[in-house]
Every structure is written in C-alpha cells, then in structure tokens.
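Report on the following structure.
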Amino acid sequence: MILSAEKKRELWQNYFGISLAKDQIGVALAGNPNVGKSTIFNALTGLHQHTGNWPGKTVDNAQGGFQYNQKSFLIVDLPGTYSLLAHSVEEQIARDFLCFANPDVTVVVLDATCLERNLNLALQVFEITPNVIVCLNLMDEASKKNLVIDVPSLERELGVPVVAAAARQGQGLIELREKVFQVAAGSLKTTPRQIIYSYEVEKAVKELLPLVEDIAASNALSPRWIALRLLDGDRTFLKSLDSFLSHEQTSPLSWEESKCAL
Amino acid sequence: MCSMIPSRSLSDVCGEAESVRQSNLHSFSDQIVADIYGNAEQITRHVLSKKENKRIGFDHRLDDIVTSMWFGYPLMLLLLAVIFWITMEGANIPSQILASGLFAFQDQLTLWFQWIGAPNWLHGVLVLGAYRTLAWVVSVMLPPMAIFFPLFTLLEDSGYLPRIAFNMDHIFKKAKACGKQSLTMCMGFGCNAAGVTSCRIIDSPRERLIAILTNNFVPCNGRFPTLIVVTSIFIGGALIPYSGVINALVITGLILLGITVTLLVSWLLSKTLLIGEPSSLVLELPSYRRPQIGAVIYRSMIDRTLFVLRRAILMSAPAGAVIWVLANVYVGDQSILSTVAHALNPLGQLIGLDGFILMAFILGLPANEIVLPILIMSYLATGSLQNFSSLEELRIILVNNGWNWLTAINVMLFSLLHWPCATTLLTTYKETGSTKWTFLTFLIPTLIGLTACFTLTQVIRLLGLV
C-alpha cells in the first residue's frame, strides 16, 4: 500500500519530526559507520542542511535538500549502523525510519574495501524497502588495496542500481543524483535481491506469514520481514510497531522512546 | 493510512510466534544472522577479485587451529598457564634482590633518623610505616608485574585477544549475554574500571549492564600480585618438586573460576533482573601481526607496570603511615588497630579469614594493590618488628599469625570475589548513572565471596581437614 503524499508529510512531521515540503521527494541515506556517508551527504546538499535530534533520542538527525531536474529532494541522514537488527538506539532509529516512513528512495552507502561486511546492511535494507540505490564508496581505497569489484555484475546480483564513487574526490556524485532522480521518477525500476534463508528459517517464516498478514497489510510493511523479526524475538521492533500502531489510532506525538531492557 | 483494526492483536501474534520460535533447538536469531552473512559472502565471491595474498592464507590456516573446537580452549588455557609459570618462576630472585637492597636502606634511614635525633614517633610513622610498606610493595609487586605485563601485552599485540573473544562468544551466548562481553572481560584483567568503561562497545543496554555488573569477577592488575604471592607461598611451596607448575595451574584455575562466576551471574541476571535474549556478535578477526618489541615494552612498562606501581605507592605509603599510627596509639590496653581487628575477627573466622585480613580488604577499598601491604603492616606492627627479605620470611610471618593453606585459599577466593575498588565503583556510577546498579556491583560479588569462603571453610572444618 502506498501512502498518499499528504498522509506521508503528516507522518514524517508528527512521528519523525521532519518537515517534508509539498512535492518534495524524501530520500534516506543509510550505511555503516565510517564509510563516507557524511561526505556524500555534504556533497549532495551543500549548505542546505539542518541538524537536530531524532524525537525523544539523543542521536543526531541531519537533513538537507537539493534541487535536480526541477525536482526538490530532501535527504535524511540516518545514523551509521552495521545492521538493522536493532541492538542499539542508532539501529532502532534507522530501522524504524526505513520501516515506517516509507522514503521514496533509499541510498545505501557501502565501503568498497570491505564489501562483504557492508553488503550485510544493504541486504537488510532490501528486505524493508524496494526503492534502493547502492553507492559503492571508497573505490579509490579499494584499488589501492588491489581489490577489483565488478560493478555491472554486482548490479545484476543485487537487482538495484550500483553507483561507484569516491566521494572525497567528488567522483560518482553526478551519477548518484541522476539515479536518485530516475528511481524517484519511476523511470528506473529496482528489484532488490531478497535474502534466502536456510530451510529451518524459511519453514518457520511460512508458518508465521498467515498470522502477520493483517498487520503487515494495514501498515504497508513487508509480512516476511515482520515474521523474521518475530523469529528473532526482537522486542524493540515489536515495541516500535506497537507504538506505531497506537500512534496511528490516537493523537500525534505519542512517539515514545521504546525502552529497552531498562 | 487507513488503519483498520487488525483481526489479530499484536500480542496474540507475538504469543503464537513465541511458540514457533521455541520449537527450534537452535536460536533462530543466530541462524538468521548467519544466513544474511552467507548471502553477502556469496555475492562478494561473484563480484570481488583481488591479487592473492600469502599472509591471508597463513592467517586463515592459523585461525582454523586457534579458533577450532578442539584446540581453541586448551590452547587458551595453556598460554595463560605458561604466562603465569614464567611470571612466578622469574619473579623470585629479583624480588629477593630488591627486598634486601630496600631493607638495607631502611636500616640506613634508621641510622640517619637517630643521628639527627628525630623523635621516635616520627621515625615510626615515616620509616616503619610509610617507607617499609613502600619497600614491601616495590619488592614484592614490581618483579611479577614487570614480567607478567609484557607477556600479556605480547599476546594482545599479536592479535590473539580477538580470537579469545571469538572462542568465548558461544558460552557467553549460552549465558544469555553478548559475546563482546568476553572482550570487556579481557579488558578487566588489566583494570576493572577500564573494563567497565569498555562496556560501551556493547550496544544493547541490557547486555551492557550485565557486562558492567560482572566485570569485577576477573582479577585486575591490582589483584594479580596478591594472588601470585599468596599462591607462591602457600600452595606451590607445599609441593616443592613441581611448585612452579602447580602455582601456574592454581592461578589459571582461579581465573577459570572467575570466568565461571561471570557466566553464572550473567545467566542469573538474564533470568531475573535483566530478562532478554542475547544479540548476535559479528567480529572481524584482524590479521596476526608480529608484535613490535619496543611498543610492547613501552606500553607494558609505562602504561601498566609503572602506572600500577605508582598507584600502589601513592596509596600504600600513606596507608602504611596511618596503620603504624593506628597500631601504636592505644585506647585502654589495646591499640586501635587491634580493637578494630578484634571486632571484625568473629566474621573473619566464620569465613576462614581473620579480623586483620578482613580489615585489610576493607582498607583496600581505594585500591586493591594495597590489601597485602596493609595486612603485612598490621601483622608486623602488632607483633615482632622483624624485617623480611624473602618470601620464606613472609611465609613465617603469616604462619605465625595463624595462616594455613585454607586461609590462603580463602584469601585468594575473597580477593577474586569481593567488592570492586572505589575507582571501579565510581566508574560504574558514571556509566550507569544509577545508584541502584552501582550498589548491586558492590553487593553481588561481596555476597558471592562471603558465601563461597563461608561454605568452603565450614565444609573443610567439618571434614576435619584443617
């Protein structure tokens, strides 16, 4: 289910404290820590930034805008995380935003020098949201380390556009903007690769799917993803989901910090 | 968004999901993480090529052995035991040389004090109190530290510690704690306060608290010398032919006990105060490196040995002076020291210690390094004022004050399992921001230590072994 633009603006404002202008395209920027995410964010937005905190959290929330092809974009810089399995507040924030805010495009920044570890996060993002672009940053560092990455075949493997970049040198940013525009406009289709789990997990997911279908459908969430989190026993997600569900039915600003074990 | 009320409420779904989750023997969350990595690895294999690197091949083969199921743990224990063995074998002779030198200087100091006609009390406070404690700390603690810390730093520098964490991850998982806790635990061997601070690397607040609360169960720098000295005197000394090996095994055993208690308490906390499931640990093993000898010596000597020694001296010299005063100021016909020790004695005896030992532990709250010096000072100040230049003489002092092997074991047990030092408590307060958790950090090890010593003592006495 796709949110109407009006509903989405309301949701972003009330639930995440982010003002999305009318007809503005919302872009989320995700990635591991230290992959040059901020460099890319700064290069794309220039001086059009402002920072605050995520509602109720002490984690920085940076947003910035840019214009491209007569379209206005708002980039939300998510906290740098290694995964979305929500062991930390940062991971919770990143996950909740991708999961509930439905950004029009999500850019996942990967460190080309340790592709395998970084792909982990990308694959997890793929499970949550379909419109993803992978930005393979630090290509210069990778070639210094004698690493050769076959970008076209990575693109085929992942099913999403892959932009090779060296953001500190300003390489790849023009292409990245263009791809963000194309995906937002719908002229570039993405079919992100879904993780194939081992037999036991897949079997358990199948068992759970009918149970979560209602909740998933009424909240524009992936049922498979909810089933996986239930298998994880991930309490923070269930709390976030619960608070999101009750928020949807009651007044805005009921976003409360989902208290972990404390 | 049209939120229709779901036909099944979230909590219903959770309940049903829980039964599916429990149906599997293995943890689903571990499997899920492993599968995500499997997928990432598969993709990477298809798209990444690099020039072959021989070192990486070597590292992989070494890791296969070091982190294997069969060799991982024995190798870990063997390395620890060897380090302790070298430490205790090597420390004896330098200890004696240092002691004879420093105590010869004490006699010289006494002569000078007499020559300038200083009053007796001044000589007592400064020479018999402060200087003698200081000499004791330096001669007994410096040699083991100067051997142990470089060896440990060598292990650290070679890249072995992350492998330890890797090996230990699954038992910490079993205790429902985070695998990273094995790293913070290793940090605790250096200093518990540093160990508590390092718990920041653990993301989940629940697991971080568990790691903070249990960090004190591994002996820190300040407690190692006490353990090493007491073992050398009482345990190995009794079995002369293999004393070195036995000593090393005893210390290794004590550390194992500390780790076992860590795991047990972690598990208990996860079942009671801090309920939850463990999160998965992803650890990148760095490549092995040839340790840089210069850096190892610098780090172990300056950062550790001298740091600990300085703290010990700063704390023990004044403590020595204060204790001399307490031992020589009389209220009625008893010195203040004896009065306090006698008051503590019943409790001390109950747990196989005595009043003086218990008092030394209490006065050692600012720094664990000074527990043994305080103890020796209080024994010496009340009894005959002999000097000692070797562990054998130290043994005689202790035996004259009623020590036997059970006392020694209880002292080691209590040293391993008692309240953390003041610095660690302060750090815990800073990290948790809560008096409740700080108090628990104090209470849990203390209760465990009291119980352990009490039980052991009563059982041994009941069996008539002492």
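Each protein sequence line maps, in turn, to chains A and B.
So in the working numbering the end of the first sequence lands on 262, straight run, no missing numbers.
So in the working numbering the end of the second sequence lands on 1466, straight run, no missing numbers.
In this text, a Cβ means the ideal position worked out from N, Cα and C, and glycines have one as well.
Over the uninterrupted beta strand (DSSP E) stretch that includes A/Asp23, give me the two end residues. The residue given as residue 23 of chain A occupies position 23 in the first sequence. Run containing A/Asp23: none; DSSP gives neither H nor E here.
If you scan the stretch 1301-1380 of chain B from start to end, which runs of the alpha helix (DSSP H) of 4 or more residues do you find wholly inside it? 1307-1328, 1336-1350, 1355-1363
With DSSP run on the structure shown, which of helix, strand or coil describes B/Gln1292? The residue you call residue 1292 of chain B lines up with position 292 of the second sequence. Looking at B/Gln1292 - three-state DSSP - the assignment turns out to be coil, as it is neither helix nor strand.
With DSSP run on the structure shown, which of helix, strand or coil describes B/His1418? In the second sequence, residue 1418 of chain B corresponds to position 418, counting from 1. Look at B/His1418 here: in three-state DSSP terms it is coil, with no helix or strand label.
Which runs of the beta strand (DSSP E) at least 3 residues long sit entirely within the stretch 1170-1246 of chain B? Give them in chain order. none
Host beta strand (DSSP E) of A/Leu78 (start-end): Residue mapping note: residue 78 of chain A aligns to position 78 of the first sequence, counting from 1. Counting along the chain, A/Leu78 falls outside any beta strand (DSSP E), and DSSP gives it neither H nor E.
Specify the secondary structure class of B/Asn1039 as computed by DSSP and reduced to three states. Sequence index remark: in the second sequence, residue 1039 of chain B carries index 39 (1-based). In the structure shown, B/Asn1039 sits in a helix (DSSP, three-state: H, G or I).
From the beta carbon of B/Phe1028, is the nearest beta carbon of chain A less than 8 angstroms away? As a first step, residue 1028 of chain B is located in the second sequence; it is residue number 28 there, counting from the start. Closer than 8 angstroms: yes.
Would B/Gly1117 be called buried (16 or more neighbouring beta carbons within 10 Å of its own) or exposed? Locating residue 1117 of chain B in the second sequence gives position 117, where the first residue counts as 1. Exposed, because fewer than 16 other Cβ atoms sit within 10 Å of the Cβ of B/Gly1117.
Whole-angstrom distance between A/Phe181 and A/Glu141, CA atom to CA atom: Here residue 141 of chain A is taken as the residue at index 141 of the first sequence, counted from 1. Here residue 181 of chain A is taken as the residue at index 181 of the first sequence, counted from 1. Taking the straight line from one Cα to the other gives about 27 angstroms.
Mind checking who A/Ala220 pairs with in its DSSP beta bridge? The count along the first sequence starts at 1 and reaches residue 220 of chain A at position 220. Its beta-bridge partners do not exist; DSSP assigns none.
Can you have a look at A/Pro152 and say buried or exposed, based on whether 16 or more other CB atoms are within 10 angstroms of its CB? As a first step, residue 152 of chain A is located in the first sequence; it is residue number 152 there, counting from the start. With fewer than 16 Cβ atoms within 10 Å of its Cβ, A/Pro152 is classed as exposed.
DSSP three-state label for A/Leu176, please. Within the first sequence, numbered from 1, the residue matching residue 176 of chain A stands at position 176. Residue state, collapsed to three classes: helix.
What do you get for B/Ile1409, buried or exposed, if any count of 16 or more other CB atoms within 10 angstroms of its CB means buried? Taking the first residue of the second sequence as position 1, residue 1409 of chain B is located at position 409. Result: buried.
With a threshold of 8 angstroms, are at least 3 pairs of Cβ atoms found where one atom belongs to the stretch 26-44 of chain A and the other to the stretch 161-173 of chain A? yes
In the DSSP assignment, find the beta strand (DSSP E) that holds A/Asn61 and state where it starts and stops. By one-based count along the first sequence, residue 61 of chain A stands at place 61. Where A/Asn61 is concerned, the enclosing beta strand (DSSP E) stretches over 60-68.
Nearest to B/Ile1444 (by Cα), restricted to the options B/Ala1317, B/Val1265, B/Ser1027, B/Asp1012: The count along the second sequence starts at 1 and reaches residue 1444 of chain B at position 444. The option with the nearest alpha carbon to B/Ile1444 is B/Val1265.
Please list, in chain order, the chain A residues whose beta carbon lies closer than 8 angstroms to that of B/Cys1014. Your numbering for residue 1014 of chain B matches position 14 in the second sequence. Chain A residues near B/Cys1014: Leu230, Leu238.
Three Cβ pairs or more, each shorter than 8 angstroms: is that satisfied between the stretch 1358-1369 of chain B and the stretch 1416-1423 of chain B? yes
Would you tell me roughly how many angstroms separate the C-alpha atoms of B/Leu1161 and B/Leu1183, rounded to the nearest one? Within the second sequence, the letter at position 161 stands for residue 1161 of chain B. Within the second sequence, the letter at position 183 stands for residue 1183 of chain B. If I take the Cα positions, the gap works out to 8 angstroms.
Is it right to say A/Pro192 is buried, meaning 16 or more other beta carbons lie within 10 angstroms of its own, or is it exposed? Translated into positions along the first sequence, residue 192 of chain A becomes position 192. So A/Pro192 ends up on the buried side.
Where do the N-terminal and C-terminal ends of the alpha helix (DSSP H) with B/Ser1049 fall, by residue? Residue 1049 of chain B sits at position 49 when you count from the first residue of the second sequence. It is not in any alpha helix (DSSP H) - B/Ser1049 instead sits in the beta strand (DSSP E) that spans 1048-1050.
Does the beta carbon of A/Ala204 come closer than 8 angstroms to any beta carbon on chain B? Residue 204 of chain A sits at position 204 when you count from the first residue of the first sequence. Yes, A/Ala204 counts as interfacial toward chain B.
What residues in its chain sit with their C-beta under 8 angstroms from that of B/Gln1334, if we drop five residues either side in the sequence? Numbered from 1 along the second sequence, position 334 holds the residue referred to as residue 1334 of chain B. Cβ-Cβ distances below 8 angstroms link B/Gln1334 to His1342 in the same chain, with the five nearest sequence neighbours on each side left out; the list follows chain order.
Could you list the residues in the stretch 79-90 of chain A with a C-beta less than 9 angstroms from some C-beta on chain B, going in chain order? Taken in chain order, the members of the stretch 79-90 of chain A whose beta-carbon sits within less than 9 angstroms of a beta-carbon on chain B are Tyr82, Ser83, Leu85, Ala86, His87, Ser88, Val89, Glu90.
How big is the Cα-Cα spacing for B/Asp1107 and B/Leu1463? By one-based count along the second sequence, residue 1107 of chain B stands at place 107. By one-based count along the second sequence, residue 1463 of chain B stands at place 463. Near 47 angstroms, if we compare the C-alpha coordinates of B/Leu1463 and B/Asp1107.
For B/Leu1134, the nearest candidate out of B/Asn1404, B/Ile1201, B/Glu1369 (CA to CA): Residue numbering aside, residue 1134 of chain B sits at position 134 when the second sequence is read from its first letter. Nearest option by C-alpha distance: B/Glu1369.
Can at least three beta-carbon pairs, one atom from the stretch 1026-1045 of chain B and one from the stretch 186-203 of chain A, be found at a separation below 8 angstroms? Counting Cβ pairs under 8 angstroms, three or more are found: they touch.
Using the Cβ count rule (16 or more neighbours within 10 Å means buried), how would you classify A/Arg156? Residue 156 of chain A sits at position 156 when you count from the first residue of the first sequence. Exposed.
Does any C-beta atom of chain B lie closer than 8 angstroms to the C-beta of A/Leu136? Within the first sequence, the letter at position 136 stands for residue 136 of chain A. The beta carbon of A/Leu136 sits no closer than 8 angstroms to any beta carbon of chain B.
Whole beta strand (DSSP E) elements within the stretch 139-190 of chain A, 3-residue minimum: 147-149, 162-164
For B/Val1466, collect the residues of the same chain with a Cβ closer than 7 angstroms to its Cβ; drop the 5 residues on either side in sequence, then sort them by chain order. The residue labelled residue 1466 of chain B in the question sits at position 466 within the second sequence. Taken in chain order, the residues that qualify are Asn1404, Leu1406, Ile1460.
Compare the beta carbon distance of B/Val1308 and B/Asn1221 with 8 angstroms and say whether it is the shorter of the two. Taking the first residue of the second sequence as 1, we reach residue 1308 of chain B at position 308. Taking the first residue of the second sequence as 1, we reach residue 1221 of chain B at position 221. Their beta carbons are under 8 angstroms apart, which means B/Val1308 touches B/Asn1221 by this criterion.
Taking B/Phe1084 as the reference, which of B/Leu1380, B/Asn1345, B/Leu1227 has the closest Cα? Counted from its first residue, the second sequence places residue 1084 of chain B at position 84. Among B/Leu1380, B/Asn1345, B/Leu1227, the Cα nearest to that of B/Phe1084 belongs to B/Leu1227.
Taking A/Ile125 as part of the alpha helix (DSSP H), name the residues at either end of that continuous run. Mapped onto the first sequence, residue 125 of chain A falls at position 125. Strictly speaking, residue 125 of chain A in this sequence is Val, with Ile absent from that position. That run of the alpha helix (DSSP H) goes 115-128.
The alpha helix (DSSP H) with B/Leu1078 in it runs from where to where? Stepping through the second sequence from its first residue, residue 1078 of chain B is reached at position 78. It spans 1072-1115 - the alpha helix (DSSP H) in which B/Leu1078 sits, taken as one unbroken run.
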